[in-house]
Amino acid sequence: MRYRSAMPVRVLLFASYAEALGQDEVAIDTPVHATVADVLAHLRTMPGADRLPPQPLVAINARYARIGDAVHAGDEVAVIPPVAGG
Amino acid sequence: MRYRSAMPVRVLLFASYAEALGQDEVAIDTPVHATVADVLAHLRTMPGADRLPPQPLVAINARYARIGDAVHAGDEVAVIPPVAGG
Amino acid sequence: MRAAIVTQPIDVATLLAEVAALGHGATSLFVGTVRDTHAGRHVTGMEYKAYEAMALHELTAVVAEAEATFPGTQIVCEHRVGELTLGEASVVIAVAHAHRASAFDACRFVIEELKRRVPIWKREHYVDGTRAWIDPTAPAPREAHA
Amino acid sequence: MRAAIVTQPIDVATLLAEVAALGHGATSLFVGTVRDTHAGRHVTGMEYKAYEAMALHELTAVVAEAEATFPGTQIVCEHRVGELTLGEASVVIAVAHAHRASAFDACRFVIEELKRRVPIWKREHYVDGTRAWIDPTAPAPREAHA
């Protein structure tokens, strides 16, 4: 096992958030033992990320998750704008 | 004008009430200045009328009416069983 | 608005089209159908009978009251009379509005008021060939009335 | 029960037929359609976008919860994604039950929960050619959200 190594995570952006960052998918590397909060912190270094709210809804592998939930290698993390279906 | 004369009234019966009296329409004569109560009293002298409830819903000329409402010559009085539409 | 007592099968698509408008974002439709069971008895068919002139008057009044109570709703309601087979629609109510709350509430209003005051009666036909006029005010032996 | 995210026009008759059963006396249908106005702006079209895998999961969960909350209901729901024109159905919910109260309540439950948690977004197209993703949590300047 390689501790301290980078861990690849796919981040999905939708609707106004995708518009804000100019892309709907970002591949990032996070430390192992990273949480959703770490992923968001990484995202906030990107141009346009100032338009994300302080506490966006998030999902891990297509299920709603909490900001403190652990993220694992290969996970798909989604940042979910206020939903507007119907 | 002929006071004290008989006044023709058409009485409509529906559903279980028509079944009870064996007919769906009755032509009766009531005194002038009669009310719905008088019409019902007349109806109660007929065979099967014991199956009518003490205070049935009534209508005069296709509008809900009260037991004390006046009935006029040529009126159509309906005795309305509990409705069951829908 | 439109209210009608009809003798032919009710066409849901027609009613939906009738209330459609570009300003409407929500449509609530209610369909009442003939069930195969009532109060624990197996039903084979149903006969609806109306005091037609009065039923049309009351149904029209109910629909008008619903549109007045929920401003902006567009409502169409048809109630069928005559002999119906199992699964056939006895009543259809279509309500459209800009928003869903009024559409739902007005649709519910119409069916509740219709059942409370529109002079229509139904006679169930049973497997054994007997028939009985339904009295919704009578206590049901095994289940609540639809 | 059935829940689906679809790209083709939703056929109301298909959904109604799908929930029909001889034991059902009541069907509540909800249709959400694209309006020509929102928050005082004239809308010319709408684009719906879903996080598809998650949207299907959540929509299925909502329908399953509705059937569990209102036992005896049979529910089908389709939500459309892609480009829609004015008046087209974005969502249709059909709920059948023996009795009307559960049919209405379950139908309302599904649309409310869907709007609360199913990850679908919509972008309005305006007369001036601009487009905007809708945030239902933002205060609307002139009217409440549909």
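Residue numbers (the numbering used here), protein chains in the order written: chain A, 1 to 86; chain B, 87 to 172; chain C, 173 to 318; chain D, 319 to 464. C-beta atoms are modelled at their ideal positions from N, C-alpha and C, and glycine is treated no differently.
| query | result |
| --- | --- |
| Run of the beta strand (DSSP E) containing A/Val77, from where it starts to where it stops | Glu76 to Ile80 |
| Cβ-based burial, A/Asp29 [other Cβ within 10 Å; buried from 16] | exposed |
| Where A/Met46 falls: helix, strand or coil (DSSP) | coil |
| Residues near A/Arg2 by beta carbon distance below 8 Å, same chain, minus five either side | Per-residue confidence for A/Arg2 stands at a pLDDT of 43, beneath the threshold of 50, marking its modelled position as unreliable; the derived number appears in the next sentence. Correct list: empty, nothing qualifies. |
| Where C/Arg207 falls: helix, strand or coil (DSSP) | coil |
| Contact check, A/Ile60 vs A/Asp69, beta carbons under 8 Å | yes |
| Beta-carbon neighbours of A/Ile80, restricted to chain G and to distances below 8 Å | The structure shown contains no chain G; the protein chains it does contain are A, B, C and D. |
| Near-chain C residues of the segment 412-427 of chain D - C-beta to any C-beta below 7 Å | Ala416, His417, Arg418, Phe422 and Arg426 |
| Residue(s) in a DSSP beta bridge with C/Ala268 | C/Thr199 and C/Gln246 |
| Contact with chain D by A/Glu25, beta-carbon distance below 8 Å | no |
| Simplified DSSP assignment, three categories, for D/Ile323 | strand |
| Identified DSSP bridge partners for B/Leu143 | B/Ile166 |
| The segment 288-306 of chain C in contact with the segment 239-249 of chain C per 3-pair CB rule at 8 Å | no |
| Three or more C-beta pairs below 8 Å linking the segment 254-264 of chain C and the segment 201-212 of chain C | yes |
| Cα-Cα separation between D/Leu377 and D/Arg449, rounded to whole angstroms | 26 Å |
| Cβ shell of D/Ala416 (< 8 Å), same chain only, five flanking positions each side left out | Gly341, His342, Gly343, Ala344 and Gly390 |
| When D/Val413, D/Tyr369 and D/Gly447 are compared against A/Ala78, the one with the closest alpha-carbon | D/Tyr369 |
| For B/Asp115, the three-state DSSP class (helix, strand or coil) | strand |
| D/Val380 - containing alpha helix (DSSP H), residue span | Glu370 to Thr387 |
| Residue(s) in a DSSP beta bridge with A/Thr35 | A/Ala70 |
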